[in-house]
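Chemist:
Number of protein chains: 2
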Amino acid sequence: MSSGRPREFNVEEALDRALKVFWRRGYEGSSLPALTKAMRISRPSLYAAFGNKESLFRKAIDRYVEGPAAGIRSALGEATARAVVERVFCTSIELLTDSRNPRGCFLVQGALACGDTADCLRREMAKRRDEFVVALRERFERAVAEGDLASNADPADLARFVATVLHGLSVQASSGASRRELERVAQIALRAWPA
Amino acid sequence: MSSGRPREFNVEEALDRALKVFWRRGYEGSSLPALTKAMRISRPSLYAAFGNKESLFRKAIDRYVEGPAAGIRSALGEATARAVVERVFCTSIELLTDSRNPRGCFLVQGALACGDTADCLRREMAKRRDEFVVALRERFERAVAEGDLASNADPADLARFVATVLHGLSVQASSGASRRELERVAQIALRAWPA
DNA sequence: TGCTTTATGTACCATTTGATATAGAAAGGC
DNA sequence: GCCTTTCTATATCAAATGGTACATAAAGCA
Numbered sequence: 199m200s201s202g203r204p205r206e207f208n209v210e211e212a213l214d215r216a217l218k219v220f221w222r223r224g225y226e227g228s229s230l231p232a233l234t235k236a237m238r239i240s241r242p243s244l245y246a247a248f249g250n251k252e253s254l255f256r257k258a259i260d261r262y263v264e265g266p267a268a269g270i271r272s273a274l275g276e277a278t279a280r281a282v283v284e285r286v287f288c289t290s291i292e293l294l295t296d297s298r299n300p301r302g303c304f305l306v307q308g309a310l311a312c313g314d315t316a317d318c319l320r321r322e323m324a325k326r327r328d329e330f331v332v333a334l335r336e337r338f339e340r341a342v343a344e345g346d347l348a349s350n351a352d353p354a355d356l357a358r359f360v361a362t363v364l365h366g367l368s369v370q371a372s373s374g375a376s377r378r379e380l381e382r383v384a385q386i387a388l389r390a391w392p393a
Numbered sequence: 199m200s201s202g203r204p205r206e207f208n209v210e211e212a213l214d215r216a217l218k219v220f221w222r223r224g225y226e227g228s229s230l231p232a233l234t235k236a237m238r239i240s241r242p243s244l245y246a247a248f249g250n251k252e253s254l255f256r257k258a259i260d261r262y263v264e265g266p267a268a269g270i271r272s273a274l275g276e277a278t279a280r281a282v283v284e285r286v287f288c289t290s291i292e293l294l295t296d297s298r299n300p301r302g303c304f305l306v307q308g309a310l311a312c313g314d315t316a317d318c319l320r321r322e323m324a325k326r327r328d329e330f331v332v333a334l335r336e337r338f339e340r341a342v343a344e345g346d347l348a349s350n351a352d353p354a355d356l357a358r359f360v361a362t363v364l365h366g367l368s369v370q371a372s373s374g375a376s377r378r379e380l381e382r383v384a385q386i387a388l389r390a391w392p393a
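Chains as they are written, first to last, in our numbering: chain A, 199 to 393; chain B, 199 to 393.
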């Protein structure tokens, strides 16, 4: 079977550009013209390669989690629970304030509040955020079992606390807070960690 | 001068309804039909009474700050810095999870990421959030002067920390977290407070 | 009772929205 | 060369968007 005319653009690269648009403007704030202009492809090319706007957004979510935000998840590999939290904060702050990206966390601001048609994406984003809370909780449960986290500490509560600080830092970053300011906030938050 | 035909609707009540729409769906997710239906007025009535969509949103911001969110600001009147923070968390959580309101904080999710036309509203929301950070900082500065907060504590950092937790709680609430869960998170956050 | 003023509701406006039809261009297989 | 296949670009679609004109209705004032 013949292969036809080859694509003139790189799909991953175009997806990266789309992600940045969604990241900065949110799903509803990202118009097709804004997307196609940033992606440097025509509208039919976008639809041929990514389906439609919603499908493009879903692919952008995966791209974000596996790309820019991957470092955060890999922080779970640290040796102790406290080291995990320190590394999560540190890595997140770097991502949230990286000048190459829009400010803030895509999973927070990509579709936090929206109309009915985008509501399924709002829930999808909440689900993705929750997946990280679950991963944190499981990591902390392991830490309790391994003895590097006090057994009276509730892993679920601690996981939600870390996620709360993380999402709060995202809002701060989105509002224009500097990296230093966020680092000081994270340092204060760490004082809440069980000794 | 004659007064003309009287309004058939209550302006404040209509504004309250508009606020709830913006609160739940965000600025860009709130269409004129959705607004007018919730406000129970016709489109020309909306424009006559509130100017346009942007102006209605700005009025909704004021309404939110002076109405539902007023309790949070009044927490600054507590006797000590720690009591202020406790009361801020407690009052916020009640607001964030009040079943009569949309979940989350309007100042966070009303226009966190949006297109160019709404960018001035995004900045306005950031400014409003920052006003609370400033108020917190000033309150903590006073607390240092009054001796109920350690003099080596940085009021600006602490204020930003409290705001960070607050905004993080908003995201959690918006994702469906229960009041109890948020209360436990706040309790953990309080452990970071200077002794 | 007019007359002025303001509010309401229908119908409409231009623009933008997300999404395609269609025609032409660029590759491989025969 | 020719055919098939796939991508690209222009031009377009119907629907939804924010915003108004215009006629009518309801009040106060003379």
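Glycine included, every Cβ here is placed at the ideal spot set by N, Cα and C.
1. I need the DSSP call for B:S229, collapsed to helix, strand or coil.
2. Just confirm the distance between the C-beta atoms of B:S349 and B:V360, as a whole number of angstroms; I'd bet it's less than 8 angstroms.
3. Please report the distance separating the alpha-carbon of A:Y225 from that of A:G308.
4. Nearest to A:E206 by CA position, among A:C303, A:A281, A:R335, A:A246, is which residue?
5. Reducing DSSP to helix, strand and coil, say where B:G313 ends up.
6. Let me see if you follow: with CB-CB separation under 8 angstroms, is A:A311 close to chain B or not?
7. I'd like to know whether the C-beta of A:F255 is nearer than 8 angstroms to at least one C-beta of chain B.
8. For the alpha helix (DSSP H) that contains A:R254, what are its first and last residues?
9. Is the beta carbon of A:A273 less than 8 angstroms from the beta carbon of A:V282?
10. Count the C-beta pairs between the stretch 210–228 of chain B and the stretch 375–388 of chain A that are closer than 8 angstroms, then say yes if the count reaches three, no if not.
11. Name the chain B residues that come within less than 9 angstroms of A:L244, Cβ to Cβ?
12. What residues of chain A sit near B:T362, judged by a beta carbon separation below 7 angstroms?
13. Which residue comes first and which comes last in the alpha helix (DSSP H) that contains A:D355?
14. For chain B, find out if any of its Cβ atoms is closer than 8 angstroms to the Cβ of A:E292; answer yes or no.
15. For B:L230, does the count of other Cβ atoms within 10 angstroms reach 16, so buried, or fall short, so exposed?
16. Give me the residue from B:S376, B:S290, B:C312 with the minimum Cα distance to B:H365.
17. Could you tell me whether the Cβ of B:L217 comes closer than 8 angstroms to any Cβ of chain A?
18. Do you know how far the Cα of A:E322 is from the Cα of A:A393?
19. Can you pull the chain B neighbours of A:V306, defined as C-beta to C-beta under 7 angstroms?
20. Ignoring anything shorter than 4 residues, give me the alpha helix (DSSP H) runs that lie fully in the stretch 274–341 of chain B, in order along the chain.
21. So, with DSSP's three-state summary, where would you put A:I239?
22. Specify the secondary structure class of A:R389 as computed by DSSP and reduced to three states.
23. Can you tell me which of B:A236, B:S372, B:F287, B:A354 puts its alpha carbon nearest to the alpha carbon of A:A375?
24. Taking one C-beta from the stretch 255–262 of chain B and one from the stretch 331–347 of chain A each time, how about it: are there three or more such pairs within less than 8 angstroms?
25. Show which residues of chain A have a CB atom less than 9 angstroms away from the CB atom of B:E379.
26. Would you say B:A316 faces chain A, with C-beta separation under 8 angstroms as the test?
27. Could you tell me the boundaries of the alpha helix (DSSP H) in which A:S272 lies?
28. A:E336: which of A:T278, A:A232, A:R238, A:D214 sits nearest, CA to CA?
Modeler: In terms of the structure at hand:
1. The answer is coil: DSSP assigns B:S229 none of H, G, I, E or B.
2. Contact flag wrong, Cβ pair sits at about 19 angstroms.
3. Cα to Cα, A:Y225 sits roughly 6 angstroms from A:G308.
4. Among A:C303, A:A281, A:R335, A:A246, the Cα nearest to that of A:E206 is on A:A246.
5. Three-state result, B:G313: coil.
6. With a threshold of 8 angstroms between beta carbons, A:A311 makes contact with chain B.
7. For A:F255, no CB of chain B lies under 8 angstroms from its own CB, so it is not counted at the interface with that chain.
8. Checking the sequence, you will find Leu at residue 254 of chain A rather than Arg. In the DSSP assignment, A:L254 falls within the unbroken alpha helix (DSSP H) covering 251–264.
9. Yes, these two residues count as a Cβ contact at 8 angstroms.
10. Contact fails: fewer than three Cβ-Cβ distances are below 8 angstroms.
11. One finds nothing in chain B with a Cβ atom closer than 9 angstroms to the Cβ of A:L244; even the nearest lies about 18 angstroms away.
12. The contacting residues are V363, G366, L367, Q370, V383.
13. First-last of the alpha helix (DSSP H) with A:D355: 353–373.
14. No Cβ of chain B is located within less than 8 angstroms of the beta carbon of A:E292.
15. Around the beta carbon of B:L230, a 10 Å sphere encloses fewer than 16 other beta carbons of the protein chains shown; the residue is thus reported as exposed.
16. The residue with the shortest Cα to Cα distance from B:H365 is B:S290.
17. False, the Cβ-Cβ gap to chain A never drops below 8 angstroms.
18. So the two alpha carbons sit approximately 35 angstroms from each other.
19. Against A:V306, the close residues of chain B are V369, in the order they occur along the chain (beta-carbon pairs closer than 7 angstroms).
20. As summarised for the stretch 274–341 of chain B, the continuous alpha helix (DSSP H) elements at least 4 residues long and confined to that stretch are 279–295, 304–307, given in chain order.
21. Secondary structure of A:I239 (DSSP, three-state): coil.
22. Note: A:R389 maps to coil in three-state DSSP.
23. Comparing Cα positions, the closest option is B:A354.
24. Taking a contact to require three or more Cβ pairs closer than 8 angstroms, the stretch 255–262 of chain B and the stretch 331–347 of chain A do not qualify as touching.
25. From the beta-carbon of B:E379, the residues of chain A found nearer than 9 angstroms are A354, D355, R358.
26. Proximity of B:A316 to chain A, defined by a Cβ-Cβ separation below 8 angstroms, is satisfied.
27. Here the alpha helix (DSSP H) through A:S272 covers 268–272.
28. The shortest Cα separation from A:E336 among A:T278, A:A232, A:R238, A:D214 belongs to A:T278.
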